[in-house]
Amino acid sequence: MKANLQRRIQRYGWDKAVDYYDIGWRDSLRAAQDKLLAMSKAKLGEHVLDIACGTGLVTFPLADAVGTAGRVVATDISQKMIDHVTQGASQRGYTQIEAFRADAESLDVLEDGQFDLITCALGLMYVPEPLAAMKQVTRLLKPGGRAVFAVWGARKNCGWADIFPIVDARVETDVCPMFFRLGTGSVMAMEMQQAGLSSIEEVRFQTDLPYATEQAAVEAAFVGGPVALAYDRFDADTRASAHAEYLDSIEQFRSPHGYRIPGEFVICSGVRTFA
Numbered sequence: 119m120k121a122n123l124q125r126r127i128q129r130y131g132w133d134k135a136v137d138y139y140d141i142g143w144r145d146s147l148r149a150a151q152d153k154l155l156a157m158s159k160a161k162l163g164e165h166v167l168d169i170a171c172g173t174g175l176v177t178f179p180l181a182d183a184v185g186t187a188g189r190v191v192a193t194d195i196s197q198k199m200i201d202h203v204t205q206g207a208s209q210r211g212y213t214q215i216e217a218f219r220a221d222a223e224s225l226d227v228l229e230d231g232q233f234d235l236i237t238c239a240l241g242l243m244y245v246p247e248p249l250a251a252m253k254q255v256t257r258l259l260k261p262g263g264r265a266v267f268a269v270w271g272a273r274k275n276c277g278w279a280d281i282f283p284i285v286d287a288r289v290e291t292d293v294c295p296m297f298f299r300l301g302t303g304s305v306m307a308m309e310m311q312q313a314g315l316s317s318i319e320e321v322r323f324q325t326d327l328p329y330a331t332e333q334a335a336v337e338a339a340f341v342g343g344p345v346a347l348a349y350d351r352f353d354a355d356t357r358a359s360a361h362a363e364y365l366d367s368i369e370q371f372r373s374p375h376g377y378r379i380p381g382e383f384v385i386c387s388g389v390r391t392f393a
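Letter by letter, the sequence shown follows residues 119 to 393 of my numbering.
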C-alpha cells in the first residue's frame, strides 16, 4: 500500500472512531498507558510532546505531571481527535496543553531540540514509516531528553488480532499492513537506536482486555479502533457476518462474566545523548 493512502485511511478512520474510542479501549489500554507514564518520569516544568495523542488518555496525565509551569504539545493525524483533546483541555482547565493535527513523520513545524520528553502511546503501529517518525523525535528532543513509545506486542499474544483478516476479507483496503511488526522481537528498540536514541530500555508484558458483553467487544473492535473507516462501508448483512466471525474468534476467552481477551504490549524508552 502506498504510504499516502495509508495515512489517509488512518486519518479518516480515527475521525470515525473518536466517539467510541474511550468507551471501547480506556480500560483495556490502561495498563500500557500507566507503564508508559511511569517510564516517562515527567517532571514539573518540563516541555513534553505527545504524538498520536488520540483522545488524550496520556496527554492529560502528562499535563498533570508537568503542571502549569510546563508545556504539553499534543499531535494526532485525526483532526477530530485533536478537537476532542482541545475541548477536553478547556473543560479541565489545562492552559499548558496545545494540540494540533500533524503526521508523526512530518513535524517540521516544531523546532529542533525543544522537548524534555516525547511520548507515543500505541500510535507507531499505524505509521507507514516508523523510523522516520523516530528520527523526528530525536531531532525534537533536547540533549538528554527522553522518548517513550508503546506498541502492541506479537500477534500470537493478542487474542483480538483476527479483526484484521476479518475486515480485509470484506473490503479491498488493508488498514494496518504491518501492525505487529514493531512489537515482534526487539524491532522497536533496534529502530530507536537507528534513529539516534541510546540507553534503550525495553519492557514486554501481557494483560487481559475486559469486555462485559458481546456488544462491548464488537463495538471496540469495529467502531472504536483502526478498522472504523472500512467498517463504515459495510452493509447490514456484511456487518452481521463480520460480527459473528469476530465473536467466534474470541469465544475461547469468554466466561460467565464477559470476555478477558489476552493482549501484549511492548514499551521502550531511550535518550538523546548527543548535542
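Where is the CB? At the ideal position from N, CA and C, for every residue including glycine.
Item                                                                                                                                                        : Value
When the Cα atoms are used, what is the spatial distance from L175 to R148?                                                                                 : 9 angstroms
Should the stretch 227 to 240 be called in touch with the stretch 258 to 269, which here means at least 3 C-beta pairs below 8 angstroms?                   : yes
Using only the alpha-carbon positions, how far apart do P295 and K159 sit?                                                                                  : 33 angstroms
Buried or exposed: E309, going by 16 or more other Cβ atoms within 10 Å of its Cβ?                                                                          : buried
What's the C-alpha gap between E223 and D194?                                                                                                               : 11 angstroms
At which residues does the alpha helix (DSSP H) containing E309 begin and terminate?                                                                        : V305 to Q312
According to the neighbour-count rule (16 or more other Cβ atoms, all chains shown, within 10 Å of its Cβ), is E290 buried or exposed?                      : exposed
How many angstroms separate the CA atom of I215 from the CA atom of M199?                                                                                   : 14 angstroms
Quick one: residues in its chain with C-beta nearer than 7 angstroms to the C-beta of H165, no 5 flanking neighbours on either side, listed in chain order? : G188, R189, Q232, F233 and D234
Considering only the beta carbon of each residue, do T237 and H202 sit closer than 8 angstroms?                                                             : no
Going by DSSP, what residues sit across from E382 in a beta bridge?                                                                                         : Q324
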